[in-house]
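As structure tokens, the structure follows; a few thoughts come after it.
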Amino acid sequence: NAGVMQNPRHLVRRRGQEARLRCSPMKGHSHVYWYRQLPEEGLKFMVYLQKENIIDESGMPKERFSAEFPKEGPSILRIQQVVRGDSAAYFCASSQQGARSPLHFGNGTRLTVT
Amino acid sequence: DAKTTQPTSMDCAEGRAANLPCNHSTISGNEYVYWYRQIHSQGPQYIIHGLKNNETNEMASLIITEDRKSSTLILPHATLRDTAVYYCIALNTGNQFYFGTGTSLTVIP
């Protein structure tokens, strides 16, 4: 039983480049959540998607950040024109029934912007 | 979602029970109490959840007071690998999981 898979585990980007983070949910899960964790801080909700639809993006920065969860393939969190402040761990979680069932997390992507 | 309050940090001797409290005095009738933990550098791990009855699984027990204003997560025999940050979340099924600052539990040999 594969859990939530995130890749890459580590990603280094120069300022101004684009970062693409991928998340494959657990089998049978159609709800995906993205969280960001800055060093020494707690997890901050970013966005909640359910197959091709963005349900809640209240935690997403208004510019440069976007997320998608296509019918086929993994969910993608895209950060354009990265800045040093984007350096963080980005965690993806999936669930079977949204908030009516537990979230299962991946081990995250550590983004470093140089 | 109800706000939750947890102690910032706790210590527990290895082999003893770790009792982690959580206050959720504003919880409403349809909000579940969820517990997660995050071991350094890893993704959060689901532990247990409940609505009003006490719950037990292979990892822990969850004791919810009768008025549902507080709960306690019990790790019956703490090991060094239980050292982690533990998060208590009170969640309405229509909303999202918001993580607070949690309790940093250190299991001492």
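Taken in order, these protein sequences are the chains called A and B. According to the numbering used here, the first sequence is numbered sequentially starting from 150. According to the numbering used here, the second sequence is numbered sequentially starting from 105. We put the beta carbon where it would ideally sit given N, CA and C, even for glycine. All figures in this text were calculated on a predicted structure; none of them were measured in a lab.
What does residue i touch in chain A if you count any residue whose Cβ is under 9 Å from its own?
{"i": "B:Q146", "result": "F254, N256, G257"}
Per DSSP, residue i forms a beta bridge with which residues?
{"i": "A:R185", "result": "A:K193, A:Y239"}
{"i": "B:T205", "result": "DSSP, once it has assigned bridges, lists no residue as partnering B:T205."}
{"i": "A:R162", "result": "A:V262"}
{"i": "B:A194", "result": "B:V137"}
{"i": "B:Q149", "result": "B:R141"}
{"i": "B:L155", "result": "Partner(s): none; B:L155 has no beta bridge."}
{"i": "A:Q199", "result": "A:H180, A:N202"}
{"i": "B:M114", "result": "B:L209"}
{"i": "B:S165", "result": "B:T160, B:I178"}
Would you identify the three-state DSSP class for residue i, choosing helix, strand or coil?
{"i": "A:M248", "result": "Per the sequence shown, residue 248 of chain A should be read as Ala rather than Met. Note: A:A248 maps to helix in three-state DSSP."}
{"i": "B:D186", "result": "helix"}
{"i": "A:G222", "result": "coil"}
{"i": "A:R233", "result": "helix"}
{"i": "A:Q267", "result": "Chain A is shown only over 150 to 263; residue 267 of chain A falls outside these bounds and no answer can be derived."}
{"i": "A:R169", "result": "strand"}
{"i": "A:R128", "result": "In the structure displayed, chain A extends from 150 to 263; residue 128 of chain A sits before or after that span and is not available."}
{"i": "B:R120", "result": "coil"}
{"i": "B:I131", "result": "coil"}
{"i": "A:R227", "result": "strand"}
{"i": "A:P174", "result": "coil"}
{"i": "B:T108", "result": "coil"}
Name the chain B residues that come within less than 8 Å of residue i, Cβ to Cβ?
{"i": "A:P251", "result": "Y138, Y150, H153"}
{"i": "A:L187", "result": "Within 8 Å Cβ-Cβ: nothing; A:L187 doesn't reach chain B, min ~13 Å."}
What residues from chain B crowd round residue i, counting only those whose CB sits closer than 7 Å?
{"i": "A:F218", "result": "Under the 7 Å cutoff, chain B gives no residues; its nearest Cβ is about 15 Å from A:F218."}
{"i": "A:R177", "result": "The sequence shown places Gly at residue 177 of chain A, rather than the Arg named in the question. Those do not exist, as A:G177 stays about 16 Å from chain B at its closest Cβ, beyond 7 Å."}
For a contact meaning CB atoms closer than 9 Å, what does residue i contact in chain B?
{"i": "A:F214", "result": "Correct list: empty, because the minimum Cβ distance to chain B is about 17 Å."}
Taking only beta carbons into account, state which residues of the stretch 149-179 of chain B come closer than 8 Å to chain A, listed in chain order. Q149, Y150, H153
How do the stretch 230-249 of chain A and the stretch 165-176 of chain B stand: do at least 3 beta-carbon pairs fall below 8 Å, yes or no? no
Looking at C-beta atoms only, is the number of pairs between the stretch 161-169 of chain A and the stretch 190-201 of chain A that lie closer than 8 Å three or more? no
Along the stretch 196-209 of chain A, where does the CB come closer than 7 Å to a CB of chain B? Name the residues. Y197, D205
Using a Cβ distance threshold of 8 Å, determine whether the stretch 250-262 of chain A contacts the stretch 131-151 of chain B, with at least three qualifying pairs required. yes
Given 8 Å as the limit, is there contact between the stretch 129-139 of chain B and the stretch 153-161 of chain B, that is, 3 or more CB pairs closer than that? yes
Pairing CB atoms from the stretch 172-179 of chain A with CB atoms from the stretch 244-255 of chain A, are three or more of them under 8 Å? yes
Is it a yes or a no for the stretch 108-119 of chain B touching the stretch 158-168 of chain B, going by three-plus beta-carbon pairs under 8 Å? no
Any 3 or more C-beta pairs closer than 8 Å across the stretch 197-204 of chain A and the stretch 213-231 of chain A: yes
For the stretch 220-250 of chain A, enumerate the residues whose C-beta is nearer than 7 Å to any C-beta of chain B, in chain order. F240, A248, R249
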